[in-house]
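Colleague: One structure, as structure tokens, below. Some questions next.
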Amino acid sequence: MGLFASGDEGKRVFYKTNDEIEMIRKANLVVSKTLGYVASLLKPGITGAEIDKAAEEFIRDHKGRPAFKGYGHPDNPFPGSLCISYNDIVV
């Protein structure tokens, strides 16, 4: 991670190197493409598990790693690649 400087009221500003900025740009591109891909899959009758599996394959095919999968306590890690709120949101 890049250097950071203390700002007013104890706030931190994290400075990124050019390499870190490029990695963030590439990651954001995969996220954007994944959301577009997931949107193209949505139709009545498709299950959350089907969407999650397809999204994970898409992310891995694009040299990414699902951020949510396995997150949390080792005894109860998050099971999915996506966080889905039915009839509302896919993250």
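Numbering-wise (our numbering), the sequence shown opens with residue 7 and increments by one.
We put the CB at the ideal spot given by N, CA and C, even for glycine.
Among the residues of its own chain, which have a CB less than 8 Å from the CB of I30, if the five just before and after it don't count?
Modeller: Excluding sequence neighbours, I30 sits near K22.
Colleague: Report the residue from V19, N24, K39 whose alpha carbon sits nearest the alpha carbon of D67.
Modeller: When only C-alpha atoms are compared, the closest one is K39.
Colleague: Hey, is the stretch 46 to 53 in contact with the stretch 72 to 81, meaning 3+ C-beta pairs nearer than 8 Å?
Modeller: Contact between the stretch 46 to 53 and the stretch 72 to 81 is absent, because fewer than three Cβ pairs lie under 8 Å.
Colleague: Pick helix, strand or coil for S38, following the three-state DSSP scheme.
Modeller: In the structure shown, S38 sits in a helix (DSSP, three-state: H, G or I).
Colleague: Locate the alpha helix (DSSP H) running through F64, then write down its first and last residues.
Modeller: 54 to 67 is the extent of the alpha helix (DSSP H) around F64.
Colleague: On a CA-only basis, which of K69, E62, G70 is nearest C89? Give me that one, please.
Modeller: The option with the nearest alpha carbon to C89 is E62.
Colleague: Let me know the secondary structure DSSP gives S18 once reduced to three states.
Modeller: Sequence check: residue 18 is Arg here, not Ser. R18 falls in the strand class under three-state DSSP.
Colleague: Please state the DSSP three-state secondary structure of S87.
Modeller: Looking at S87 - three-state DSSP - the assignment turns out to be coil, as it is neither helix nor strand.
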